[in-house]
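Visitor: Dropping a structure here in structure tokens format, bear with me for questions.
What follows is the structure, given as structure tokens:
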């Protein structure tokens, strides 16, 4: 009896929240964090390490150029009595500054293969979430639990593999949560993909692909909570009865509202799920 | 009789206009080049003021007199104008003026086609400006114009269609210009000037012309497909009709990446003239420079999907395009080191032209660093479509292309007009641009790393201070632009006269033919067609 009251109350609150949600959201209360300052997922740590390693390998090639530029400016200004040099070739030097940078960039390229493999080989998911971009809000569906809502935080369990299937109902959007190291376009007619395994916390993001006038107001908030708390949240929000399903959020003219049970827009035959 | 008199005598029926009618009907490559440059300068003001609108809104996103719809129009048209109506025409203008002179020719291979290429710019430019007065305003889906946003459903007004049509027409001008340059350079070099004796600016123009010829038709094609989707409701890019938005992206960027090399290679050519001239040395490593230009041209066609690492392309594609994008840094580095070696041991005069040349190296190299790290896919995933990219593109397009154009202007203005630009004003211009540029674009790296996306009219409160700081820096760039424009307009009539062929006194260290004719050159360029001899 008590749990039924709780779930009705939660359902009502959800309904009210969704119905009252403005088309334009406000950014979350927490500041946005990023993968370099606050890596919050297994992938974000690898991303950060790969990027910094690559940067420090490439940086000297550039720094040398800048230092030499400053040196040239000071050392070789016109001074009375000094004649300019006349040399205009040096094959050994030219080979050196072709081969060494080539080796450096190839090393950097090779270094990113392992990390890319980690990113692209999705581990078995503990939770499947469908992320649907709309003009101008994000809808989240948990197909295994019959949950579907929009304009609210994406809630996921900490330390678990969360698999995101991302798409859009109208134009291309960009699902971007810097601290999780996630960025993937939401493309209508395609399902793109990202995954993460994050530590508990609250992570902010924003739509990263121009989608219209309110592109700058498509805020993203991800709530990563301990698994026990997440189980409770699931209990409170999973709604088997269609009558208790949250109302569709007010959608601007032109967007096609998606029903919770409807599959993603049928994909043309022969189009790869992810491909060139 | 000189060969010039022979040539003139052979055209007894040729009409000779004066004044405005002369400029409207001329097929003289020098006048056409100057018209391209004036066209470019005028549109630079328009594109710059559009950027000002963007920075104004970003000073305080609560200022709703710049509405988000208008903001999107401003950012779209800022990029469109700067790319298609400022940088490209400016480099074509310098190419037009200088290439025939540098190869010892009297004009381009097809002078009438040359005039047509210039005048072809005018209707599409008017279309772009007219589009602001249509219902809904101008195109506002970004300068890449990705569908479905740019499709009929989400960009219902005429503005987007006018944009597509205008770009197609501008593309026709570019393709005709490219054909003209390729034939001119192949066929009209002075006797004795082989391919490996051409000045490096001519080489840069040659490679750029190949890129234009091969890439621009792809853009025209993809925009015809987009227009077809918009007007005839075909389904090239509409998922509901069996199409794929990613097809657009591949086709667009197959043009779009060579396009950025089209906008930088001529600047590389200019650097190879300006830097050695004011260091009073010959350019270092001519052969390496040529091979580098050619490699960049070829590799430039193999990197396009690095703009699509987060679009949903396969891991194999990510690795391929990451590798090619890393490799293309190598020939670019060869050029930078060669420019440094070109100045090494020289005696440097810090004229305004040289300041801009040195500023080019300092800034473009940073753009090269933030560019090459973007080829690392994990890093790109973190900062794609953020202000880090805005920083990168401006370091290479402003710190690179625009600084190169400024250097070219100060260097060749005496040749084109017979007068010097004010060095004092040039000094002010340089420092305002250099400091203003760093002020505006360096902090954008931080905004990007911290997760602020681009093209947003709203940002998180914690980004306010940096955005305001950046917006204030715009004023320095504005001041620099005003001083430059005044310098140009004033010096055409009142600059210090320099009628001599070699006002910079560089003919002892370099052999470029434009410095062997009077300033400005006569209509027929050379009294006698020069015979080129080594040494």
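Chains as they are written, first to last, in our numbering: chain C, 399 to 674; chain H, 7 to 541.
All C-beta atoms in this analysis are idealised placements derived from N, C-alpha and C, irrespective of residue type, glycine included.
Does DSSP put residue 687 of chain C in a helix, a strand or coil?
Guide: Nothing can be reported for residue 687 of chain C, as the shown portion of chain C is limited to 399 through 674.
Visitor: Using Cβ-Cβ distances below 7 Å, what residues of the segment 314-331 of chain H are close to chain C?
Guide: Listed by position along the chain: 316, 317, 318, 319, 320, 321, 323, 324, 325, 328 and 329.
Visitor: Would a check of beta-carbon distances place residue 577 of chain C closer than 9 Å to chain H?
Guide: Yes, because at least one Cβ of chain H sits closer than 9 Å to the Cβ of residue 577 of chain C.
Visitor: So, is residue 488 of chain H buried or exposed, given that buried needs 16 or more other C-beta atoms within 10 angstroms?
Guide: Exposed, since its Cβ has fewer than 16 Cβ neighbours within 10 Å.
Visitor: Need the endpoints of the alpha helix (DSSP H) that residue 525 of chain C sits in, please.
Guide: Note, residue 525 of chain C: premise wrong, no alpha helix (DSSP H); beta strand (DSSP E) at 525-532.
Visitor: Tell me which residues share the same chain as residue 300 of chain H and place their Cβ nearer than 7 Å to its Cβ, disregarding the 5 neighbours each side in the sequence.
Guide: Around residue 300 of chain H: 213.
Visitor: Can you give me the Cβ contacts of residue 385 of chain H inside the same chain, cut-off strictly under 6 Å, excluding the 5 residues immediately before and after it?
Guide: Answer for residue 385 of chain H: 379, listed in chain order.
Visitor: Hey, which unbroken runs of the beta strand (DSSP E) at 3 residues or more fall wholly within the segment 567-608 of chain C?
Guide: Segments of the beta strand (DSSP E) lying fully in the segment 567-608 of chain C: 571-575, 580-584, 590-594 and 599-604.
Visitor: Give a yes or no on whether the C-beta atoms belonging to residue 576 of chain C and residue 601 of chain C are separated by under 9 Å.
Guide: Their beta carbons are under 9 Å apart, which means residue 576 of chain C touches residue 601 of chain C by this criterion.
Visitor: Near residue 496 of chain H, what residues of its chain come up, given a Cβ to Cβ distance below 6 Å and the 5 sequence neighbours on each side ignored?
Guide: Once the five neighbours on either side are set aside, residue 496 of chain H has no close Cβ partner at all.
Visitor: Residue 335 of chain H lies in the alpha helix (DSSP H); which residues open and close that run?
Guide: Run containing residue 335 of chain H: 335-349, per the alpha helix (DSSP H) assignment.
Visitor: So, helix, strand or coil for residue 517 of chain C, using DSSP?
Guide: Residue 517 of chain C: helix per DSSP, three-state reduction.
Visitor: Following the continuous alpha helix (DSSP H) through residue 548 of chain C, name the residue where it begins and the one where it ends.
Guide: Element bounds for residue 548 of chain C: not the alpha helix (DSSP H) but the beta strand (DSSP E), 545-548.
Visitor: Of the residues H:94, H:311 and H:298, which one's Cα is nearest the Cα of residue 257 of chain H?
Guide: When each option's Cα is compared against that of residue 257 of chain H, the closest is H:311.
Visitor: Which residue's Cα is closest to the Cα of residue 313 of chain H: H:297, H:263, H:346 and H:284?
Guide: The option with the nearest alpha carbon to residue 313 of chain H is H:263.
Visitor: For residue 515 of chain C, decide whether its Cβ has a neighbour in chain H, counting only Cβ atoms nearer than 9 Å.
Guide: Yes, contact with chain H.
Visitor: Spatial neighbours of residue 87 of chain H within its chain, please: C-beta separation below 6 Å, excluding the five flanking residues on both sides.
Guide: Same-chain partners within the cutoff: 49, 52 and 53.
Visitor: Assuming residue 474 of chain C contacts residue 452 of chain H under a Cβ cut-off of 8 Å, what Cβ separation, rounded to an integer in Å, is found between them?
Guide: Residue 474 of chain C to residue 452 of chain H, Cβ: 34 Å. No contact.
Visitor: Considering only their Cβ atoms, is the gap separating residue 165 of chain H from residue 79 of chain H smaller than 9 Å?
Guide: Result yes, Cβ atoms of residue 79 of chain H and residue 165 of chain H sit closer than 9 Å.
Visitor: May I ask you to list, following chain order, the residues of the segment 496-525 of chain H that have a beta carbon less than 9 Å from some beta carbon of chain C?
Guide: Listed by position, the residues of the segment 496-525 of chain H near chain C (Cβ gap below 9 Å) are 515.
Visitor: Give, in chain order, every residue of the segment 456-472 of chain H whose Cβ lies closer than 9 Å to some Cβ of chain C.
Guide: Listed in sequence order: 456, 457, 458, 459, 460, 461, 462, 463, 464, 465, 466, 467, 468 and 469.
Visitor: Do the segment 533-546 of chain C and the segment 613-625 of chain C make contact, defined as three or more Cβ pairs closer than 8 Å?
Guide: With a cut-off of 8 Å, the segment 613-625 of chain C and the segment 533-546 of chain C count as touching, because enough Cβ pairs lie within range.
Visitor: Please list, in chain order, all residues of the same chain as residue 315 of chain H whose beta carbon is under 7 Å from its beta carbon, the five residues on each side excluded.
Guide: Within the same chain, residue 315 of chain H has close Cβ partners 324, 383, 386, 387 and 390.
Visitor: Within 10 Å of its beta-carbon, does residue 511 of chain H have 16 or more other beta-carbons around it, so buried, or fewer, so exposed?
Guide: Exposed: under 16 other Cβ atoms inside 10 Å.
Visitor: Under DSSP, the alpha helix (DSSP H) around residue 253 of chain H begins and ends at which residues?
Guide: Per DSSP, residue 253 of chain H belongs to the alpha helix (DSSP H) from 251-268.
Visitor: Would you check if there are 3 or more beta carbon pairs closer than 8 Å linking the segment 363-381 of chain H to the segment 340-354 of chain H?
Guide: Yes, since at least three Cβ pairs between the segment 363-381 of chain H and the segment 340-354 of chain H fall closer than 8 Å, the two stretches touch.
Visitor: Report the option in H:277, H:425 and H:319 whose CA atom is closest to the CA atom of residue 589 of chain C.
Guide: The option with the nearest alpha carbon to residue 589 of chain C is H:319.
Visitor: Could you tell me the boundaries of the alpha helix (DSSP H) in which residue 180 of chain H lies?
Guide: Start and end: 164-193.
Visitor: For residue 190 of chain H, which residues from the same chain have a beta carbon less than 7 Å from its beta carbon, with the 5 sequence-adjacent residues on both sides left out?
Guide: Once the five neighbours on either side are set aside, the close Cβ partners of residue 190 of chain H are 105, 106, 111, 114 and 115.
Visitor: Between C:565, C:437 and C:523, which lies nearest to residue 559 of chain C when the distance is taken from Cα to Cα?
Guide: Residue 559 of chain C has its Cα closest to that of C:523, out of C:565, C:437 and C:523.
Visitor: With a 10 Å radius around its C-beta and 16 neighbouring C-beta atoms as the bar for buried, classify residue 428 of chain H as buried or exposed.
Guide: Burial call: buried.
Visitor: Is there a Cβ of chain C sitting closer than 9 Å to that of residue 229 of chain H, yes or no?
Guide: Taking Cβ atoms only, chain C never reaches closer than 9 Å to residue 229 of chain H, which makes this a no.
Visitor: What number of angstroms, rounded off, separates the C-alpha of residue 604 of chain C from the C-alpha of residue 619 of chain C?
Guide: Each residue's Cα considered, the two are about 8 Å apart.
Visitor: Going along chain H in order, which residues have a C-beta closer than 8 Å to the C-beta of residue 344 of chain C?
Guide: It is not possible to answer for residue 344 of chain C, since the shown part of chain C is limited to 399 through 674.
Visitor: Going along the chain, which residues of its own chain have a beta-carbon closer than 8 Å to the beta-carbon of residue 494 of chain H, five neighbours each way excluded?
Guide: Taken in chain order, the residues that qualify are 47, 415, 419 and 427.
Visitor: Between which residues of its own chain and residue 3 of chain H is the CB-CB distance below 8 Å, once the five residues before and five after are set aside?
Guide: Residue numbering for chain H in the displayed model covers 7 to 541; residue 3 of chain H lies beyond these limits and cannot be assessed.
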